[in-house]
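The UniProt record's numbering numbers the first residue of the sequence shown as 1 and each following residue consecutively. Using N, Cα and C, we set each Cβ at its ideal position, and we do this for glycine too.
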Amino acid sequence: MIIDCFDAAALSEAFGIDMRSVDGLGTGAAWGRVAPGGASTHHRHDETELLVIVAGRGELVVGAERHPVASGTVALFEPFEAHVVENTGDQDLVFLTQYWRDSARAVSSATPVTSEHGDRPVFVFSTPPTPNGDLHLGHLSGPYLGADAYVRFQRMNGASIWHLTGSDDFQSYVVDCARREGRSNAEVAAHYSAEIAETLRLMDIPLDQYTVTNADPGYVPALKDFFTRLVDSDAIVPTDGPALFDPKTGQYLYEVDVHGGCPGCGEATGGNICEKCGEPNTVVDLADPVAKPSGEAPIAGTARRYVLPLHEHADTVLGHHRRGRVPARLRELAARLFRRERVDIPVSHPSDWGITPHEADGAGQVIWVWPEMAFGFLHGIQKLGERLGRDWTAAEPADDWKIVHFFGYDNSFYHAILYPVLYQLALPGWTPDIDYHVNEFFLYDGLKFSTSRRHAIWGKQILDADSVDAVRYFLARNRPEAERTNFTLDAYEHTLVTTLIGTWQAWLNDLGQRVADHYDGVAPDAGNWTPEHAGFLGQLAARLGALTASLRPGGFSLNQAAAELDALVADALRFSRRERALAQAGGMPDEVRTATALELAAAALLAHGAAPVMPRFAARLAEALGQPAPDQWPSTVELIPPGSKVTLTQTTFFRPTSRSLS
Numbered sequence: 001m002i003i004d005c006f007d008a009a010a011l012s013e014a015f016g017i018d019m020r021s022v023d024g025l026g027t028g029a030a031w032g033r034v035a036p037g038g039a040s041t042h043h044r045h046d047e048t049e050l051l052v053i054v055a056g057r058g059e060l061v062v063g064a065e066r067h068p069v070a071s072g073t074v075a076l077f078e079p080f081e082a083h084v085v086e087n088t089g090d091q092d093l094v095f096l097t098q099y100w101r102d103s104a105r106a107v108s109s110a111t112p113v114t115s116e117h118g119d120r121p122v123f124v125f126s127t128p129p130t131p132n133g134d135l136h137l138g139h140l141s142g143p144y145l146g147a148d149a150y151v152r153f154q155r156m157n158g159a160s161i162w163h164l165t166g167s168d169d170f171q172s173y174v175v176d177c178a179r180r181e182g183r184s185n186a187e188v189a190a191h192y193s194a195e196i197a198e199t200l201r202l203m204d205i206p207l208d209q210y211t212v213t214n215a216d217p218g219y220v221p222a223l224k225d226f227f228t229r230l231v232d233s234d235a236i237v238p239t240d241g242p243a244l245f246d247p248k249t250g251q252y253l254y255e256v257d258v259h260g261g262c263p264g265c266g267e268a269t270g271g272n273i274c275e276k277c278g279e280p281n282t283v284v285d286l287a288d289p290v291a292k293p294s295g296e297a298p299i300a301g302t303a304r305r306y307v308l309p310l311h312e313h314a315d316t317v318l319g320h321h322r323r324g325r326v327p328a329r330l331r332e333l334a335a336r337l338f339r340r341e342r343v344d345i346p347v348s349h350p351s352d353w354g355i356t357p358h359e360a361d362g363a364g365q366v367i368w369v370w371p372e373m374a375f376g377f378l379h380g381i382q383k384l385g386e387r388l389g390r391d392w393t394a395a396e397p398a399d400d401w402k403i404v405h406f407f408g409y410d411n412s413f414y415h416a417i418l419y420p421v422l423y424q425l426a427l428p429g430w431t432p433d434i435d436y437h438v439n440e441f442f443l444y445d446g447l448k449f450s451t452s453r454r455h456a457i458w459g460k461q462i463l464d465a466d467s468v469d470a471v472r473y474f475l476a477r478n479r480p481e482a483e484r485t486n487f488t489l490d491a492y493e494h495t496l497v498t499t500l501i502g503t504w505q506a507w508l509n510d511l512g513q514r515v516a517d518h519y520d521g522v523a524p525d526a527g528n529w530t531p532e533h534a535g536f537l538g539q540l541a542a543r544l545g546a547l548t549a550s551l552r553p554g555g556f557s558l559n560q561a562a563a564e565l566d567a568l569v570a571d572a573l574r575f576s577r578r579e580r581a582l583a584q585a586g587g588m589p590d591e592v593r594t595a596t597a598l599e600l601a602a603a604a605l606l607a608h609g610a611a612p613v614m615p616r617f618a619a620r621l622a623e624a625l626g627q628p629a630p631d632q633w634p635s636t637v638e639l640i641p642p643g644s645k646v647t648l649t650q651t652t653f654f655r656p657t658s659r660s661l662s
């Protein structure tokens, strides 16, 4: 017999509250106490956990839902179910917890059959592009293709999900482009914003909300109100501080107008952010800075700006990172940044292009476009809601919103570190739940794609109805998810000719010809099954599982998804070659038609699996199998209905490149 009693004096801190383990019960067990007004940290684990409230009252926060609890309440947390224990009463909340590992239950929790997001509204943002040029393959390979495939997959799993972006009109890079092109800032922003929207359409990336910040009449006043909330928090204050100026024009220098050595990693960088290490700079700390207007060394001076002492909010960032999907790359950036003694970030800059704050101290300044973007995301949700008849407002975001960001690593500091702090200051009643998906730089012939240097393959150069699926496949297979990768035209054309045409299309056309020759162009029913047939069905099921895992939020990787599609075709080809001898011998027709039915099932699985990555190909393949376009993600491998008309042999899925891209 084991007896253990709650002892307040024996408790110690764990998970942000007081706890003490209980030994000998056969499972992990502990007493816990939450003081009035207190709460545990937001956490998740692989164990199943049973919680028994023995005194007090409070709430269990599970995802976006709150559940009141009191003495006598029992709750069970599934593996990986994020939760918080809050004390909402005026006495200690005391509980007993037991927890244990169940591998099968953990795997089941990690691989739900429907969207992990449930009924929550999900807002997926691809980072707003700067309208200083059109989109090139470097842009498209990263946030835009990633967000589109994510949304398509989640919709197939029943999620209420939308893809939002817009044009980041008030960037200093727009001003730089306008100077080069001899046009006004507004003209440049409007022109390239429209070009960007068209390129996304050509890439088969439909948008549910595209916000043009300089053309939306409600945007400017709402942004000013958001900034006023930041000022009213007393966390940002107007401050006179050191700044750099062009020695000839006297122009205040930041971002594109100044470059030098990064104070963090030493690499060459522009003002305010280093694309290499991801750390911000204050411009005055650049090594050997050069002013772009004159090409000379800047002169030092003083400028008045609103400044946020970001180092005072490290705990806010850490708490935020416990809630959603935050890749280790971003957590490491935060840890590295907060090792600094101070991180003072100007959130306004002297400029005549941008939005001036309400406040008198903001005269001559504009709200820096990066903090502006934090509000822009919420404004986009509100605009989407207005069209859909939903009561979503930027001023009162809801805790059940799930936000998902796709962006390049050079945007990491803003999205994953600065914005959570701004939201906490301006909207203290909101607990944002945000997932982050980050990509590295895509290189072109060994050098970074560059809009300003026009070193790029532009979307409109390569995209048309015949090429879009091939481009999407190649970019998915090669996008820079964990490290920088390189695009060459030779590699793209080789993949198109050898993989998509020479392997995928060759197999599908050959399968169609065999169905036409032996089954009058309709899908046969399976007959007698051999152990090899059953083994291939199991292999297809395993491939479906791997493909599904590569598209779910936790393991999202288009590199892996494209590799799994390729492997699925390779599996089918091996099976087809192995079974071909029996068909050619003319014996055992019941077994031969089972093999053919299984190959058609593999083709149908390819159509469903390719839908998030290659939607036109998926729809065309499904049609050639006599099936509707895939709109639901399969939970298992199924044979296509016998008698379905199969036109694979007459269908061209991919064509060689027909235009010069040099």
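- Residues of the same chain with a CB within less than 7 Å of the CB of Val61, apart from the 5 flanking positions on each side, are His83, Val84, Glu86 in chain order.
- Here Gln505 is buried, its C-beta having at least 16 other C-beta atoms within 10 Å.
- Put simply, of Gly270, Ala303, Thr88, Ala563 the residue whose alpha carbon is nearest the alpha carbon of Ala610 is Ala563.
- Closest option to Val231, judged by alpha-carbon separation, among Arg305, Arg183, Arg180, Ile205: Arg305.
- According to DSSP, Met19 shares a beta bridge with Ser12, Gly32.
- Rounded to whole angstroms, the gap between the alpha carbons of Arg552 and Val175 is 40 Å.
- Distances from the alpha-carbon of His45 to those of Tyr519, His533, Ser103, Ile640 put Ser103 closest.
- Look at the beta carbons and you see the segment 503 to 518 not touching the segment 528 to 545: under three pairs across the two are nearer than 8 Å.
- By the neighbour-count criterion, in which a residue is buried when 16 or more other Cβ atoms sit within 10 angstroms of its Cβ, Asp169 is buried.
- In this model, Ser108 and Pro628 are separated by some 30 Å (Cα to Cα).
- Measuring C-alpha to C-alpha distances from Ser126 to each of Ala624, Val497, Asp445, Phe407 identifies Phe407 as the nearest.
- Annotation for Arg66: the continuous beta strand (DSSP E) segment containing it runs 65 to 70.
- The C-alpha of Leu286 is placed about 37 Å away from the C-alpha of Gln461.
- Residue pairing of Asn486 in beta bridges, as defined by DSSP: Leu443.
- Look at Trp368 here: in three-state DSSP terms it is coil, with no helix or strand label.
- Runs of beta strand (DSSP E) with 3 or more residues, each lying fully within the segment 322 to 377, are found at 344 to 346, 348 to 350, 365 to 367, listed in chain order.
- Leu388 is classed as exposed because its beta carbon has fewer than 16 other beta carbons within 10 Å across all chains shown.
- The three-state reading of DSSP puts Tyr210 in strand, counting E and B together.
- The three-state secondary structure of Trp162, taken from DSSP, is strand.
- Taken atom to atom, the span from the alpha-carbon of Phe449 to that of Leu308 is near 32 Å.
- Taking C-beta atoms as the reference points, Leu145 and Glu195 fail to come closer than 9 Å.
- Just measuring C-alpha positions, the residue of Ser193, Ala523, Arg180, Leu558 sitting nearest Arg454 is Arg180.
- Pro480 is the residue among Ala567, His415, Pro480 whose C-alpha sits nearest the C-alpha of Asn439.
- With a cut-off of 8 Å on Cβ pairs, the segment 328 to 335 is not in contact with the segment 261 to 269, counting fewer than three such pairs.
- When DSSP reads this structure, Arg479 sits in no beta bridge, so it has no partner.
- Beyond the five residues adjoining it in sequence on each side, Glu493 comes within less than 6 Å, by CB distance, of Thr657 in the same chain, given in chain order.
- Taking C-beta atoms under 8 Å as the contact rule, Ala476 and Leu558 qualify, at a distance of about 4 Å.
- Lys248 counts as exposed, since fewer than 16 other beta carbons sit within 10 angstroms of its beta carbon.
- Met614 is a Cβ neighbour of Asp469, given a cutoff of 9 Å.
- Annotated three-state conformation of Gln98 is strand, per DSSP.
- The three-state reading of DSSP puts Phe6 in coil, since its state is none of H, G, I, E or B.
- Ranked by how close their Cα comes to the Cα of Thr27, the residues Gly89, Ala8, Arg101 have Arg101 in first place.
- With a minimum length of 3 residues, the unbroken runs of beta strand (DSSP E) contained wholly in the segment 112 to 138 fall at 121 to 126.
- Leaving aside the five residues that flank Val52 on each side, the residues in its chain whose CB is nearer than 7 Å to its CB run, in chain order, Val74, Phe95, Leu96.
- Using a C-beta cut-off of 8 Å, the segment 208 to 221 makes no contact with the segment 237 to 252, since fewer than three inter-stretch Cβ pairs fall below that distance.
- Within the same chain, Val22, Gln98 come within 6 Å of Ala29 by CB-CB distance, once the 5 residues on both sides are set aside.
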